[in-house]
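In terms of the UniProt record's numbering, the sequence shown has 210 at position 210, counting the first letter as 1, and numbering is strictly consecutive.
Glycine is no exception: its CB is placed at the ideal position from the N, C-alpha and C atoms.
Input: a single structure, listed below in structure tokens.
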Amino acid sequence: MTTSSPVPRSDDAAVDRLKALLERAATGQDSQAWSDLWTELYHNGTLDAAHPLVLPTLADMAESGKAEVAASALHLAGALLVQADQRYETRNLRHQYAPEVRRLLGAANQWRQVTAHHRDYCYLVEAILNLEGDIHWAEDLIFGVVSEEYELECPDPDGCTSLWVILGERGFFSTAEDYALSEDDVETFPLHPADPGDLQGLGRRLYDLALTDGHEEVAHALTHAFGEATCPECGRRLSVVEQIVARSS
Ligand SMILES: [Zn+2]
1 MTTSSPVPRS DDAAVDRLKA LLERAATGQD SQAWSDLWTE LYHNGTLDAA HPLVLPTLAD
61 MAESGKAEVA ASALHLAGAL LVQADQRYET RNLRHQYAPE VRRLLGAANQ WRQVTAHHRD
121 YCYLVEAILN LEGDIHWAED LIFGVVSEEY ELECPDPDGC TSLWVILGER GFFSTAEDYA
181 LSEDDVETFP LHPADPGDLQ GLGRRLYDLA LTDGHEEVAH ALTHAFGEAT CPECGRRLSV
241 VEQIVARSS
């Protein structure tokens with residue numbers, strides 16, 4: 001995780017730029033504006049996520065009634081908050097904009113219940129976890145559910161190997177090689193999903209949420225994300241979610 005703090009521009013030109021991008025993004029017709037917001041607010045930090053236009057405007061968009069605009073606003077807002085938590089090791093941005101964070105979270109929970117598309121649903125769940133701010137690895141957890149694979153490290157203290165955990169249309173298994181790119185037959189090891197009845201904590205909550213919202217395939221993927229995989233090198237069983245956390249810390 002990066003510890004260098006970029007210096008956002010706060011001159012008039014930067015504020016004009018921010019205002020214009022947010023206005024274009026709010027139309028729902030301008031994907032380039034969203035891409036630029038991600039670049040300038042999140043990836044290179046040249047625009048200031050703490051500027052009073054950012055989270056209040058994203059909260060307005062989340063409540064706007066336009067599903068795509070709301071989803072984009074929620075995704076970005078959640079990511080900005082988690083990034084600020086980690087970059088500054090404080091929760092100042094959350095505290096400064098507590099009413100907006102509450103509005104964003106309320107909107108995310110409403111959209112979650114009416115979003116049928118698999119990937120959109122997953123990103124809403126990611127946004128909810130990021131807005132709640134209890135974990136910093138929601139992006140990594142959800143990325144694997146969406147992309148149907150995790151690349152993890154074996155937890156062997158001597159450093160064993162990296163492994164791929166595949167969960168989705170290609171099957172449910174671990175392998176030492178990038179299965180998607182491999183043309184040869186590679187050795188695979190079946191995953192050991194958690195018994196839904198045994199799930200606890202976050203796994204329990206997300207599994208129940210996905211079922212309640214009618215996303216059985218997400219719930220099924222989560223039993224594997226909160227289950228175990230076999231290291232293809234040393235054969236040990238490892239917790240998938242523990243290695244997701246280890247990789248993202
Ligand atoms: Zn191993």
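Exposure label - A127; buried when at least 16 CB within 10 Å: Here residue 127 refers to the residue found at position 127 of the sequence shown. That one is buried.
Between the Cα of R9 and the Cα atoms of L47, A246, A26, which residue gives the shortest distance? On the sequence shown, position 9 is the one that residue 9 refers to. Minimum Cα distance to R9 is reached at L47.
Can you look up I142 in the DSSP assignment and give me helix, strand or coil? Residue numbering aside, residue 142 sits at position 142 when the sequence shown is read from its first letter. Note: I142 maps to helix in three-state DSSP.
What number of angstroms, rounded off, separates the C-alpha of E89 from the C-alpha of V54? In the sequence shown, counting from the first residue as 1, residue 89 sits at position 89. In the sequence shown, counting from the first residue as 1, residue 54 sits at position 54. Taking the straight line from one Cα to the other gives about 20 Å.
Count the other C-beta atoms from every protein chain shown that fall within 10 angstroms of the C-beta of A219, then say buried if there are 16 or more, exposed otherwise. Taking the sequence shown and counting its residues from 1, one reaches residue 219 at position 219. So A219 counts as buried.
Any heavy atom of ligand 1 closer than 7 Å to the Cβ of T188? Taking the first residue of the sequence shown as 1, we reach residue 188 at position 188. No.
Is any heavy atom of ligand 1 found at a distance shorter than 7 Å from the C-beta of D158? The sequence position of residue 158 within the sequence shown is 158, counting from 1. Flag unset: Cβ of D158 not near ligand 1.
Please confirm whether any heavy atom of ligand 1 lies closer than 7 Å to the CB of E233. Within the sequence shown, numbered from 1, the residue matching residue 233 stands at position 233. Checking every heavy atom of ligand 1 against the Cβ of E233, one is found closer than 7 Å.
Alpha carbon of V240 to alpha carbon of S248, nearest angstrom: Translated into the one-based positions of the sequence shown, residue 240 becomes position 240. Translated into the one-based positions of the sequence shown, residue 248 becomes position 248. Distance between the alpha carbons of V240 and S248: 13 Å.
Identify every residue that forms a DSSP beta bridge with V165. On the sequence shown, position 165 is the one that residue 165 refers to. When DSSP reads this structure, V165 sits in a beta bridge with Y150, S174.
Taking the alpha-carbon of S31 as reference, which of F172, H51, L124, V69 has the nearest alpha-carbon? As a first step, residue 31 is located in the sequence shown; it is residue number 31 there, counting from the start. Selected option, being the one with the closest Cα: V69.
Kindly examine ligand 1 and report whether one of its heavy atoms sits closer than 7 Å to the Cβ of R236. For the purposes of this step, residue 236 is taken as the residue at position 236 of the sequence shown. Within the cutoff, so yes.
Determine the extent of the beta strand (DSSP E) in which P190 is found, giving its start and end residues. Here residue 190 is taken as the residue at index 190 of the sequence shown, counted from 1. P190 -> beta strand (DSSP E) spans 188-190.
Candidates L81, Q29, Q243, of which the one nearest G45 by Cα: Position 45 of the sequence shown holds residue 45. The shortest C-alpha separation from G45 is found at L81.
For I244 and L152, what's the separation of their Cα atoms in angstroms? Locating residue 244 in the sequence shown gives position 244, counting from the first residue. Locating residue 152 in the sequence shown gives position 152, counting from the first residue. One Cα belongs to I244, the other to L152, and the distance between them is close to 7 Å.
Tell me whether the region 211-227 and the region 112-126 touch, counting them as touching only if at least three CB pairs, one residue from each stretch, are closer than 8 Å. Yes, since at least three Cβ pairs between the region 211-227 and the region 112-126 fall closer than 8 Å, the two stretches touch.
Have a look at F189, L222, A84 and flag the residue whose alpha-carbon is nearest the alpha-carbon of H136. Stepping through the sequence shown from its first residue, residue 136 is reached at position 136. The candidate whose alpha carbon is nearest that of H136 is A84.
Verify the contact flag: T57, CB atom, against every heavy atom of ligand 1, threshold strictly below 7 Å. One-based indexing of the sequence shown puts residue 57 at position 57. Result no, Cβ not under 7 Å from ligand 1.
Following a CB-centred definition, is T161 positioned closer than 7 Å to any heavy atom of ligand 1? By one-based count along the sequence shown, residue 161 stands at place 161. Yes - ligand 1 has a heavy atom lying nearer than 7 Å to the Cβ of T161.
For ligand 1, is there any heavy atom lying closer than 7 Å to the beta carbon of C122? The residue you call residue 122 lines up with position 122 of the sequence shown. No, the beta carbon of C122 sits no closer than 7 Å to any heavy atom of ligand 1.
How many angstroms separate the CA atom of I142 from the CA atom of V125? Here residue 142 is taken as the residue at index 142 of the sequence shown, counted from 1. Here residue 125 is taken as the residue at index 125 of the sequence shown, counted from 1. Going by the C-alpha atoms only, they are around 8 Å apart.
With C-beta atoms as the reference, is L202 less than 8 Å away from G227? Locating residue 202 in the sequence shown gives position 202, counting from the first residue. Locating residue 227 in the sequence shown gives position 227, counting from the first residue. Cβ atoms of L202 and G227: not closer than 8 Å.
Starting from T57, trace the alpha helix (DSSP H) both ways and give me its first and last residue. For the purposes of this step, residue 57 is taken as residue 57 along the sequence shown, with counting starting at 1. Segment 54-62, the alpha helix (DSSP H) holding T57.
For a quick check, are the C-beta atoms of A62 and A107 less than 8 Å apart? On the sequence shown, position 62 is the one that residue 62 refers to. On the sequence shown, position 107 is the one that residue 107 refers to. Contact flag set, yes.
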